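Here the structure comes first, spelled out in structure tokens, and everything after it is commentary.
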Amino acid sequence: MQRAVRTRHRTFSQQALRRWEDGRRASTVKPSAAKALELDGRSYLLPTLTLSKANGAKEQDAKDSQFFQTRANRPTPVVLDLQQVSSDGSPHSQSIKKHELRNEILQLQEAGYVPVGITNASEDVKKAAAALNLPYFIGTRLQLEQQKAVAAQEEEEVAAASNAATFTDAEKPGASVSAQTAEALPPMVVTHSVRSGQQIFAQNRSLVVLGNVSSGAEVMADEDVVVLGSLKGRALAGIGGNVRARIVCQSFDAELISIAHCFTTCDALEQDEVGSLQLHKPTAISLQDDQLHFESSSV
């Protein structure tokens, strides 16, 4: 005797059917495809270019044509410091326009630089840069620059008040001694090594590090930078524009070197740029004819 076979028909709502299809598609996704994109936090070394108010990159290109040509064939990502082309809030101060910023970016790209973001910009300049797909970087040195500007303004006010006083500076007791003290500030001495992620700045003086400067660390000074150990991080001397500043280290293997307005990432150095540079040797760096000059000792 044969049994009757019953066939049940179930009806699915649109919502249930959609859930079933989504689950089926999810089950067919390979694990490798699901992990194709991963977001993590990493630190990268990016040099900063300051855009001046005069003629921007065009004037800089004419001034440092040889400097730009050496980098034309190896594009360098940079962050644009737009403080000088941002409005300071005064009636006569105007910010750079969107089309002007676009032209500056194109000129920099032709010169071998690839702007990846901006820093030290006013709100209107931030909006113009955002329209050009340039994000804003919070500069670690912005507060230092603002402090220096405030200090300079205070010094001007003090000088004006002193000139209006009854006694001249020459008649004031100890005036010449204090002036000499201000001109000859002792160097800042760091008695330990500078680890990765640390940043040390010697304002209005030289910096002496008795230890090593690790990769990822940054040492800066308005005057000279002297490292009595190995220099594997970044060293920036003459930040205030002192072209006579020098960088000296016991063992050279730096990531980035900067003196005044000239800088270079050391992994991009070519033979005609390095002079007598030897890695892991005592090295002195200075500016000669607006170019970084390296001199290593074989000792």
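Mapping to our numbering: the sequence shown position 59 is 307, numbers consecutive.
The beta carbon of each residue, even a glycine, is placed where N, CA and C say it ideally should be.
In this text, all values refer to a predicted model and were calculated from it rather than measured experimentally.
query: Going by C-alpha distance, which of 347, 333 and 469 is nearest residue 341?
result: Checked all of 347, 333 and 469; the closest Cα to residue 341 is 333.
- prompt: So what's residue 378 in DSSP terms, helix, strand or just coil?
  reply: Of the three classes helix, strand and coil, the one that applies to residue 378 here is helix, per DSSP.
query: How many angstroms separate the CA atom of residue 443 from the CA atom of residue 501?
result: In a straight line, the C-alpha of residue 443 is about 15 Å away from that of residue 501.
Stretch-stretch touch, CB-based, cutoff 8 Å, three pairs: the segment 434-448 with the segment 492-501: Cβ pair count under 8 Å is below three, so no.
- prompt: Assuming residue 481 and residue 463 make a contact with CB atoms under 8 Å, what is their CB distance in whole Å?
  reply: In this structure residue 481 touches residue 463 by the C-beta definition: roughly 6 Å separates them, less than 8 Å.
query: Going by alpha carbons, who is nearest to residue 524 out of 546, 386, 537 and 536?
result: Closest option to residue 524, judged by alpha-carbon separation, among 546, 386, 537 and 536: 546.
- request: Would you grab the beta carbon distance between residue 467 and residue 437 for me? Rounded to a whole angstrom, and I think it's under 8 Å.
  value: At roughly 12 Å, the Cβ-Cβ gap does not stay under 8 Å, so residue 467 and residue 437 are not in contact.
task: Would you mind working out which of 514, 508 and 530 sits nearest residue 536, comparing C-alpha positions?
output: Ranking the options by Cα distance to residue 536, first place goes to 508.
field: Own chain residues within Cβ distance below 6 Å of residue 230, not counting five before or after
entry: Since the displayed the chain opens at 249 and closes at 547, residue 230 lies outside it and no answer follows.
field: Unbroken beta strand (DSSP E) run spanning residue 528, endpoints
entry: Careful: residue 528 lies outside any beta strand (DSSP E) and carries neither H nor E.
Under 8 Å between C-beta atoms of residue 326 and residue 367: No.
- prompt: From residue 301 to residue 386, what does the alpha carbon distance come to, in whole angstroms?
  reply: Between residue 301 and residue 386, the C-alpha separation is close to 21 Å.
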